[in-house]
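In what follows, a single structure is set out as structure tokens and then discussed.
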Amino acid sequence: MITKFENNKFLIKQYDNLLNQINLNESIVQNLTDIELKEKIEKLKAQYFITNKLSDELIIESFSLTREASIRTIGLRHFDQQLIGGLVLNEGKIAEMKTGEGKTLVATLPIVLNALTSKGVHLVTVNDYLAKRDAEWMGQIYNHLGLSHGLIQSQMNENERKFNYNKDITYITNHELAFDFLRDNMVLDASDLVLRPFNYCIIDEVDSILIDEARTPLIISGEVPTDSIMYIQALEISKYLRKNIDYDLDEKATNVVLNDAGIKQIEKILGISNIFETNQPWVFFVTNALKAENFFFKNVQYIVRNNKICIVDEFTGRIMPDRRWNNGLHEAIEAKENIWVDQSSQQLAGITYQNFFTLYPKLSGMTGTAKTAATEFEKIYNLEVIVIPTIRPFQREDLPDQVYVSEIGKWKAVAQACREMYQIGRPTLVGTNSIEKSEIISLILNDYNIPHKVLNAKPENLGLESEIIAEAGCLGSIVISTNMAGRGTDIILGGNLNFKINRIVINLITNNKIKYAKNRSKLFIFHKLMSQIKNKQTNFSKKDIEYILELNNFNTQKQKLLKKVIVILFFYLKINLKKSFVSKRKQIVELGGLFVIGTERHESRRIDNQLRGRTARQGDPGTSRFYISLEDKIFRLFGGNKIKQLINTFQLTNDDIPLQSKILTKSLDLAQEKVENYYYEIRKNIYEYDEVLNQQRQIFYATRWSVLNTVTIRNWILDIGESVIIELLKYLKTTQTIENKELLEQDLEQLKNLFNFSINLDIKTLKQLPYFVLFNFLREQFWLNYDLKEINYELLMQIKEYQDFQKSCFLKAIDSCWSDHLEKMSELREAIVWSAYGQRDPLIQYKQEAYRLFTITLQEIQNYLIFTLLSTDLT
Ligand code: ADP
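The numbering used here applies: residue 52 is where the sequence shown begins, and numbers increase by one.
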């Protein structure tokens with residue numbers, strides 16, 4: 052049998068042939084001039100245009116051209132391992148590459164290749180900063196090859212977005228991209244669309260986006276007024292309810308179940324006899340209040356900033372200012388924190404990343420941590436994971452976990468480890484799962500007199516983030532951080548030289564600026580600056596200097612002179628400074644590199660591995676170790692009887708000594724795998740349910756797209772009119788007259804007004820008339836009305852306005868009914884949980900009911916459209 056590892060080796064070997072050919076082609080492209088490189092790309096484009104295929108020949112040519120352009124522009128030559136990464140990405144797979152292996156550069160290879168199609172390539176990153184940095188950096192390669200590239204940033208308007216999406220290559224964040232898609236599906240005019248049809252997309256940090264973010268849907272919502280008082284009353288009521296008597300907690304599912312006693316208690320407080328018979332959904336409000344009280348804590352799941360609840364992302368430790376918990380939970384937490392609730396939201400459009408990214412015909416991704424979620428990637432997204440070998444031998448040592456019986460024992464051991472590292476000067480990063488825990492360990496370190504820095508999402512700490520990270524690899528540095536120092540954080544052994552220089556220079560210039568203001572002599576600043584730079588032996592890049600100079604508005608000729616001198620100084624100083632940094636780095640390497648301490652196993656091994664991945668980048672040495680306790684939440688909830696037994700067995704042991712047992716380690720690993728599976732099942736479940744809505748969404752959006760892109764929808768409207776008449780007649784003919792007499796008469800009256808006929812027709816006669824007579828009559832009446840309106844507008848020379856008006860009516864009908872439909876579907880989803888008790892498969896039931904709602908909504912769109920058209924008089 053082939054083991055997983057051998058299997059991966061075998062998979063990598065498959066690329067040998069292409070790899071060799073790309074390398075063989077290198078000497079040929081080296082001899083091409085810059086203009087010839089561009090011409091070659093044009094030829095490849097033409098070749099693709101004829102064959103419509105990205106053949107091996109195109110791959111070999113375009114990969115070698117990209118490598119050559121990279122050498123000529125940014126001075127980096129793609130390593131063979133990076134070429135393999137590029138080949139994997141081009142096949143629509145996930146390339147797992149460790150931190151520091153140069154994924155940014157790897158992406159350029161499939162990007163250039165797929166840009167040959169001229170259909171657009173999207174490179175998706177997790178934040179604006181990375182998108183901008185990578186677009187500017189890698190953009191030099193694309194320019195050199197004559198390909199256009201664009202960048203989308205959150206503050207850009209529609210025109211800028213459209214302009215950038217029309218480039219060969221576009222760098223963008225997942226958030227902006229998905230929202231542009233949702234917004235595109237809400238526009239009323241085709242000229243407002245910003246996106247082109249999707250072609251190829253590479254997702255950076257793919258596991259973060261497709262797995263960690265998969266559970267939260269992206270929503271565009273409109274605000275609707277809400278009644279805060281209900282949330283506040285519910286909070287009061289919840290204080291009179293007793294845990295395990297009036298209600299039970301399901302900690303795993305973050306759910307609250309009210310018991311009979313609880314329901315009676317609520318009825319007693321409210322003075323009503325049956326809580327389910329009022330038209331106010333008290334159970335909903337009280338359950339949310341209890342959830343807010345028992346599961347959601349300040350500085351763990353959220354922080355309070357400017358009198359607002361801001362969610363802290365559990366995977367990145369960062370706050371997500373524009374996200375809200377849905378279904379009333381956010382409002383309940385606001386009530387708990389004494390924040391007045393006056394708006395709640397109604398969903399206008401929404402999609403999950405899961406559904407969104409599967410819209411691309413070709414999708415691929417890269418990350419340092421995908422292997423442990425390979426099954427999920429394959430089953431849900433059909434994305435295979437390939438582990439790319441590292442460029443230099445990998446030197447990280449992952450020490451076995453230190454396990455303690457109690458949490459206190461664990462924290463003491465972490466503090467002790469920090470003390471030992473501090474004493475020898477080895478830089479250490481301590482990762483915690485919440486802001487609260489980061490503060491606990493900080494307090495203990497204060498007690499131990501160990502200097503350290505804390506990095507978490509609290510506003511007062513945020514401004515220091517870049518400085519803390521820049522210095523985290525320095526001798527003697529101890530940093531405690533939430534998951535913020537996980538993914539994407541680059542900790543350099545010896546510290547970040549450029550950052551340090553920037554800081555010193557900025558201080559220097561700022562001081563001089565003050566003096567300049569007093570002396571009014573620019574020359575003075577110049578000499579002063581020079582001597583200070585010399586004395587401090589500061590080093591900085593040309594770009595930094597230009598930035599600083601701009602900042603200070605040196606607008607005279609001396610600025611040029613100043614720049615020249617500084618550039619010369621730059622090279623001279625760099626040599627000096629580098630020496631001291633290299634020696635510090637050497638010292639740290641001898642100590643074993645950065646020491647990473649984990650303080651709790653996360654609900655997925657990927658997040659643990661992200662933390663471990665902060666050390667041992669690019670062949671550096673490094674160590675990681677997790678300190679855990681049997682009392683940690685994950686083991687408490689998922690450890691089962693085995694861990695409980697172990698706690699009992701070990702209870703009497705000295706808590707200062709870590710437990711050593713193979714069974715124990717195995718049980719803990721099992722517990723973590725259980726959690727992973729638990730959440731995977733939830734995501735799979737969400738996906739299955741979402742699939743239903745997704746198919747419906749595709750139909751809605753496709754209809755919308757057709758309306759937007761059809762010049763005249765006259766025939767379409769006539770067809771819809773007929774179908775509305777058929778439904779109407781079905782209703783009038785089949786509804787029992789006796790019970791619904793008044794209602795039917797009203798409907799008939801409305802019909803007469805709408806279809807503009809005044810013959811004497813009552814319900815009784817209507818019921819007696821043959822169906823086809825009625826149908827033909829109404830159809831003619833409808834056509835007549837419609838034609839009359841059209842002629843009227845034609846006479847007024849307003850036919851274009853009328854066509855636009857009809858289209859906008861149609862689009863508004865779709866949007867309004869879709870928004871209502873989304874709400875009904877979410878209510879259905881809530882309600883369907885209960886049907887599981889009836890021993891019926893809830894998913895099947897959900898699908899049946901969703902289909903029924905869908906057909907109703909389609910009918911509503913048609914009715915809405917026809918009634919609006921008939922009843923509106925534009926002139
Ligand atoms: P990752 O995203 O994989 O963590 P980055 O793309 O941020 O890595 O690259 C890490 C560092 O490696 C960068 O400083 C980059 O300049 C360097 N690098 C990448 N590829 C090469 C290469 N082929 N030759 C030399 N340096 C490289």
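Where is the CB? At the ideal position from N, CA and C, for every residue including glycine. Quantities reported herein were computed from a predicted structural model and do not represent experimental measurements.
Nearest to residue i (by Cα), restricted to the options the options
i	options	result
ARG443	GLU152, ALA241, LEU480, SER485	GLU152
ALA265	PRO821, ALA864, HIS226	HIS226
TYR298	ILE283, ASN339, ILE260	ASN339
LEU196	LYS629, ARG369, LYS91, THR224	LYS91
ASP449	CYS252, MET281, GLY649, TYR66	GLY649
PHE937	LYS359, ASN377, TYR353	As shown, the chain starts at 52 and ends at 926. That puts residue 937 outside it, with no answer to give.
GLU522	ALA508, ARG477, ILE492	ARG477
ILE125	ILE145, THR155, GLU142, LEU105	THR155
THR403	LEU681, SER712, ASN745	ASN745
ILE685	LYS303, VAL743, LYS898	LYS303
GLN202	ASN210, ILE192, ASN215, GLN191	The sequence given here places Leu at residue 202; Gln does not occur at that position. Answer by Cα proximity: ASN215.
LEU662	SER532, VAL640, LEU127, GLU773	SER532
Start and end residues, alpha helix (DSSP H) containing residue i
i	result
TYR740	713–760
THR816	814–819
CYS525	Looking at the DSSP string, CYS525 is not in any alpha helix (DSSP H), and its letter there is neither H nor E.
ALA166	154–166
ASN843	822–846
Start-to-end residues for the beta strand (DSSP E) that takes in residue i
i	result
MET417	413–418
GLY482	479–482
ARG447	446–449
GLY298	With the sequence shown as reference, residue 298 is identified as Tyr, and Gly is not the correct amino acid for it. Note, TYR298: beta strand (DSSP E), 298–301.
ASN82	Unbroken run through ASN82: none, as it is neither H nor E.
LYS504	504–506
LEU127	First-last for LEU127: undefined, no H or E at that position.
ILE437	436–438
HIS200	200–202
Heavy atom of ligand 1 within 7 angstroms of residue i beta-carbon
i	result
LYS154	yes
GLY476	no
LEU127	yes
GLY514	no
GLY151	yes
MET189	no
GLN133	yes
PHE130	yes
MET148	yes
For residue i, the three-state DSSP class (helix, strand or coil)
i	result
PRO672	strand
ILE63	helix
LEU710	strand
ASP866	helix
MET207	coil
GLN467	helix
VAL245	coil
GLN453	strand
MET371	strand
ASN766	helix
ASP995	Any answer about residue 995 is impossible in this case: the structure gives the chain only from 52 up to 926.
THR908	helix
ASN804	helix
SER324	coil
ASN590	Caution is warranted here: a pLDDT of 46 is assigned to ASN590, below 50, making its placement in the model unreliable, and the coordinate value is therefore given only provisionally. The answer is coil: DSSP assigns ASN590 none of H, G, I, E or B.
LEU105	coil
LYS509	coil
PHE646	strand
TYR782	helix
Cross-strand partners of residue i (DSSP beta bridge)
i	result
LYS359	ARG356
HIS173	THR221, CYS252
SER485	Looking at the DSSP assignment, SER485 forms no beta bridge with any residue, so it has no partner.
GLY401	ILE270
LYS294	TYR298
SER680	TYR455
Cutoff 8 angstroms: residue i Cβ touching any chain C Cβ
i	result
ASP892	As a matter of chain content, chain C is missing from the structure shown, which is built from one protein chain.
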